[in-house]
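Visitor: Under this note's numbering, the first residue of the sequence shown is numbered 25, with each subsequent residue one higher. The beta-carbon is built from N, C-alpha and C at its ideal position, and this holds for glycine as well. The structure that follows is given in the form of structure tokens.
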Amino acid sequence: MAGQQAFWIDGRSDRERARDGVSHYSEHVWENIGEFEGVWGDIAPVAFACAAWRIATPPLSSPGLVRWHRRILSASCVRNGWDGSLTARVTLVSPLPAALTVSRDWWRDRGWRGWPEIFGQFVEPAEQDLAKVPHLRPTLLVDAPVPLEDLPATPDGPARDLAETAHRALTVLVRELNDLLAPIVTHLEQDLR
Numbered sequence: 025m026a027g028q029q030a031f032w033i034d035g036r037s038d039r040e041r042a043r044d045g046v047s048h049y050s051e052h053v054w055e056n057i058g059e060f061e062g063v064w065g066d067i068a069p070v071a072f073a074c075a076a077w078r079i080a081t082p083p084l085s086s087p088g089l090v091r092w093h094r095r096i097l098s099a100s101c102v103r104n105g106w107d108g109s110l111t112a113r114v115t116l117v118s119p120l121p122a123a124l125t126v127s128r129d130w131w132r133d134r135g136w137r138g139w140p141e142i143f144g145q146f147v148e149p150a151e152q153d154l155a156k157v158p159h160l161r162p163t164l165l166v167d168a169p170v171p172l173e174d175l176p177a178t179p180d181g182p183a184r185d186l187a188e189t190a191h192r193a194l195t196v197l198v199r200e201l202n203d204l205l206a207p208i209v210t211h212l213e214q215d216l217r
């Protein structure tokens, strides 16, 4: 069974968009240094990793350094208020739940539609379509802990290697999120065939 990548770092686009020809993300980190306010010197790497993620993903960066599969609508990282651990929150496009596919009694000839797609991307329906027919757009919400072991330590301040440290945090987050979500994405894509 060939797997789907859920997340990846788009290094090629990062270099192409860079003013210095090296890394647009590095430039973006320095332009958004305020995202790290209150993070410096934190004993846990969570807040630093979350800030690095925000800078690398929409809406702060579009297109982002971190890209994701067409089924992923959003992905964020937050500090868990209970124990300070790192929680990933990811929303994915899903097919209809089995309970709604067994029978179409609920359909009642209303012309229900699901997720519109444009060039293979799931998109919000246009307002004119919403005015004509009902839409049922199922999603899955994943809230999951992310291991901290391989995340780089939070810097004490905005040192020269800040962008590289933030990039290392992204690499770990992408790896861990792929480990967690790639099997789900692969299974959802196989359901389409």
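1) Mark residue 33 as exposed unless 16 or more other C-beta atoms lie within 10 angstroms of its C-beta, in which case mark it buried.
2) Residues in its own chain within less than 6 Å of residue 193 by CB, not counting five upstream and five downstream?
3) In the DSSP assignment, the beta strand (DSSP E) including residue 182 goes from what residue to what residue?
4) Based on the DSSP secondary-structure assignment, which residues constitute the bridge partners of residue 167?
5) In terms of DSSP beta bridges, what is residue 33 paired with?
6) How big is the Cα-Cα spacing for residue 136 and residue 164?
7) Over what stretch of residues does the beta strand (DSSP E) that includes residue 100 continue unbroken?
8) My output table needs one value for residue 61: the three-state DSSP class, helix, strand or coil.
9) Report, in whole angstroms, the separation of the C-beta atoms of residue 116 and residue 95, which I expect to be a contact under 8 Å.
10) Do residue 41 and residue 48 come within 7 Å of each other at the CB atom, strictly closer than that value?
11) Nearest to residue 46 by CA position, among 210, 188 and 214, is which residue?
12) So for residue 67, helix, strand or coil by DSSP?
13) For residue 209, does the three-state DSSP call read helix, strand or coil?
14) So, using beta-carbon positions, are residue 205 and residue 80 closer together than 7 Å?
15) Quick one: grab the DSSP three-state call for residue 145.
16) Cutting at 7 Å between CB atoms, please list the residues of its own chain near residue 200, excluding the five before and the five after it.
17) I'd like to confirm the pairing. Which residues does DSSP put opposite residue 159 in its beta bridges?
18) Buried or exposed: residue 38, going by 16 or more other Cβ atoms within 10 Å of its Cβ?
Guide: Result, derived from the coordinates:
1) buried
2) 73, 76, 175 and 176
3) Segment: none, residue 182 is in no beta strand (DSSP E) and carries neither H nor E.
4) 113
5) 90
6) 19 Å
7) 96 to 103
8) coil
9) 5 Å
10) yes
11) 188
12) coil
13) helix
14) no
15) strand
16) 170 and 171
17) 137
18) buried
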